[in-house]
DNA sequence: GAATATAGTTAGCTATGCTAACTAATTTAC
DNA sequence: GTAAATTAGTTAGCATAGCTAACTATATTC
């Protein structure tokens, strides 16, 4: 197996297992990962329509419809009508939603960071560089 | 934000977005990601009991019980009794299961690899080293 | 004004995760 | 040598999250 295939394979496996670990932290916020991820788009990207949110999360509209319903039920987002087009929804994170997102993010990152502390400074630096490469790649994904 | 926190945050985000993309490839095999991941443990790690599989996949026994049922229904694994302890199941990948795993793995990896091809050889090598560090960290997770 | 296109929802399916409560088998304790 | 405790897995029941197909309501186009 050539180098590209080998890296691809192990990268996939590492990503799966990393997220399984982290998911347990997310659950402590009382909201699932799909909701937290959608909420994060709203908090950092501002108000969105349902279709925009679905596209940002790479999910179909009925799926996002349910995610948004859940967030609204927990008062983490607020839904208003678009004054220019009554078909559209304007979805905004509430202050409560923003607070919860930040809290969850802190918990998750603190947990991850506590594990990363085991690495040597050199390994951490290597990992940091690699994540940078990967993030850029994901931004320009084909 | 210090270096550890920053790496933790970006690593998490990259893992989420990477898997969202790859999930679509997995679906083409006709089996979900949890089943493929469990099957992979059997193919590369040999026969396992249900409890061992659950532990390897960081999932509770009832969850793994259903995953294994699904795999058995599709004839991707075979379940026999442990001759030494009738409470235990011995779960083995069938030849069909092994073939499907390799096929799915090829599709997924080919897709990932086609994206990784955009990296320079140097970047790829850095990413490979980092994945190695990460895999080891995940094995000895606290 | 009628046909078409677009935004979201609803209904209904599958898959994955959990806990609680169960059965069956083995081990331990007496 | 049997009763109690432990261990392996299953079943039932709940929630989240993904999908497609079919629907409603609004806008746009012809």
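Chains as they are written, first to last, in the working numbering: chain A, 1411 to 1552; chain B, 1411 to 1552.
Heads up, the beta-carbon is just placed ideally off N, CA and C, and yes, glycines get one too.
**Prompt:** Rounded to whole angstroms, how far is the Cβ of residue 1426 (chain A) from the Cβ of residue 1452 (chain B), which I believe are closer than 8 Å?
**Reply:** Walking along the first chain from the start, residue 1426 (chain A) turns up at place 16. Walking along the second chain from the start, residue 1452 (chain B) turns up at place 42. Rounded, the Cβ-Cβ distance is 15 Å, inconsistent with contact.
**Request:** Let me know the alpha helix (DSSP H) ranges lying completely inside the region 1519 to 1549 of chain A, each 4 residues or longer, listed in chain order.
**Result:** Within the region 1519 to 1549 of chain A, the complete alpha helix (DSSP H) segments of 4 residues or longer fall at 1531 to 1549, listed in chain order.
**Request:** Give the residues of chain B in contact with residue 1414 (chain A), contact being defined as C-beta atoms less than 7 Å apart.
**Result:** Within the first chain, numbered from 1, the residue matching residue 1414 (chain A) stands at position 4. Annotation: Cβ neighbours of residue 1414 (chain A) in chain B (cutoff 7 Å, chain order): 1523, 1526, 1527 and 1534.
**Prompt:** Considering residue 1491 (chain A), what are the terminal residues of the alpha helix (DSSP H) in which it resides?
**Reply:** By 1-based counting over the first chain, the position of residue 1491 (chain A) is 81. Taken as a continuous stretch (DSSP letters only), residue 1491 (chain A) belongs to no alpha helix (DSSP H), being part of the beta strand (DSSP E) at 1487 to 1492.
**Prompt:** Which residues does DSSP pair with residue 1499 (chain B) in a beta bridge?
**Reply:** Taking the first residue of the second chain as 1, we reach residue 1499 (chain B) at position 89. Residue pairing by DSSP places residue 1499 (chain B) opposite B:1491 in a beta bridge.
**Prompt:** Closer than 8 Å, CB to CB, is residue 1447 (chain B) near chain A or not?
**Reply:** Position 37 of the second chain, counting from 1, holds the residue named residue 1447 (chain B). At least one CB of chain A lies nearer than 8 Å to the CB of residue 1447 (chain B).
**Message:** Does the structure place the region 1526 to 1543 of chain B close enough to the region 1511 to 1522 of chain A that three or more beta carbon pairs sit under 8 Å?
**Reply:** Contact between the region 1511 to 1522 of chain A and the region 1526 to 1543 of chain B is absent, because fewer than three Cβ pairs lie under 8 Å.
**Prompt:** Is residue 1513 (chain A) helix, strand or coil by DSSP?
**Reply:** Here the question's residue 1513 (chain A) lines up with position 103 in the first chain. In this structure, residue 1513 (chain A) counts as helix in the three-state DSSP scheme.
**Request:** Please list the partners that residue 1518 (chain A) has in chain B, where partner means a Cβ-to-Cβ separation under 9 Å.
**Result:** Translated into positions along the first chain, residue 1518 (chain A) becomes position 108. Neighbours of residue 1518 (chain A) on chain B, chain order: 1418, 1419 and 1422.
**Amino acids of chain B, ordered along the chain, whose beta-carbon sits closer than 9 Å to that of residue 1509 (chain A)** = Taking the first residue of the first chain as position 1, residue 1509 (chain A) is located at position 99. The premise fails here: residue 1509 (chain A) is roughly 18 Å from chain B at the closest Cβ pair, so nothing lies under 9 Å.
**Prompt:** Beta-carbon separation of residue 1570 (chain B) and residue 1501 (chain B) under 8 Å?
**Reply:** In the structure displayed, chain B extends from 1411 to 1552; residue 1570 (chain B) sits before or after that span and is not available.
**Prompt:** Taking buried to mean at least 16 other C-beta atoms within 10 Å of its own C-beta, is residue 1550 (chain A) buried or exposed?
**Reply:** One-based indexing of the first chain puts residue 1550 (chain A) at position 140. Exposed: under 16 other Cβ atoms inside 10 Å.
**Prompt:** Comparing alpha-carbon positions, which option in A:1499, A:1445 and A:1507 lies nearest residue 1477 (chain A)?
**Reply:** Counting from 1 along the first chain, the entry for residue 1477 (chain A) is found at position 67. Selected option, being the one with the closest Cα: A:1445.
**Message:** In whole angstroms, give me the CA-to-CA distance for residue 1460 (chain A) and residue 1496 (chain A).
**Reply:** By one-based count along the first chain, residue 1460 (chain A) stands at place 50. By one-based count along the first chain, residue 1496 (chain A) stands at place 86. Each residue's Cα considered, the two are about 13 Å apart.
**Asked** Given that residue 1426 (chain A) touches chain B, what residues does it touch there, using C-beta distances under 8 Å?
**Response** As a first step, residue 1426 (chain A) must be located in the first chain, where it is residue number 16. Within chain B, 1429, 1443 and 1447 have C-beta atoms less than 8 Å from the C-beta of residue 1426 (chain A), given in sequence order.
**Message:** Does the CB of residue 1537 (chain A) have a neighbour CB from chain B at under 8 Å?
**Reply:** The residue you call residue 1537 (chain A) lines up with position 127 of the first chain. Using beta-carbon distances, residue 1537 (chain A) counts as an interface residue toward chain B, with a partner under 8 Å.
**Message:** Against residue 1545 (chain A), what residues of chain B qualify as contacts under a CB-to-CB distance less than 8 Å, listed in chain order?
**Reply:** To locate residue 1545 (chain A), count along the first chain from 1; it is residue 135. Near residue 1545 (chain A) (Cβ distances below 8 Å), the residues of chain B are 1420, 1423 and 1424.
**Request:** Say whether chain B places a C-beta atom closer than 8 Å to the C-beta of residue 1453 (chain A).
**Result:** The residue you call residue 1453 (chain A) lines up with position 43 of the first chain. In terms of beta-carbon proximity, residue 1453 (chain A) stays away from the interface with chain B, with every pair separated by 8 Å or more.
**Prompt:** With a Cβ-Cβ cutoff of 8 Å, do residue 1486 (chain A) and residue 1464 (chain A) count as a contact?
**Reply:** Counted from its first residue, the first chain places residue 1486 (chain A) at position 76. Counted from its first residue, the first chain places residue 1464 (chain A) at position 54. Not closer than 8 Å, so no.
**Request:** Taking only beta-carbon positions, decide if residue 1502 (chain A) is within less than 8 Å of chain B.
**Result:** The residue you call residue 1502 (chain A) lines up with position 92 of the first chain. No, residue 1502 (chain A) does not count as interfacial toward chain B.
**Prompt:** For residue 1548 (chain A), which residues in chain B fall below 9 Å Cβ to Cβ?
**Reply:** In the first chain, residue 1548 (chain A) corresponds to position 138, counting from 1. Going along chain B in sequence order, the residues near residue 1548 (chain A) (Cβ under 9 Å) are 1423, 1424, 1427, 1428, 1431 and 1525.
**Asked** Using a Cβ-Cβ distance under 8 Å, would residue 1487 (chain A) count as near chain B?
**Response** As a working mapping, residue 1487 (chain A) is identified with position 77 in the first chain. Output row for residue 1487 (chain A): interface = no.
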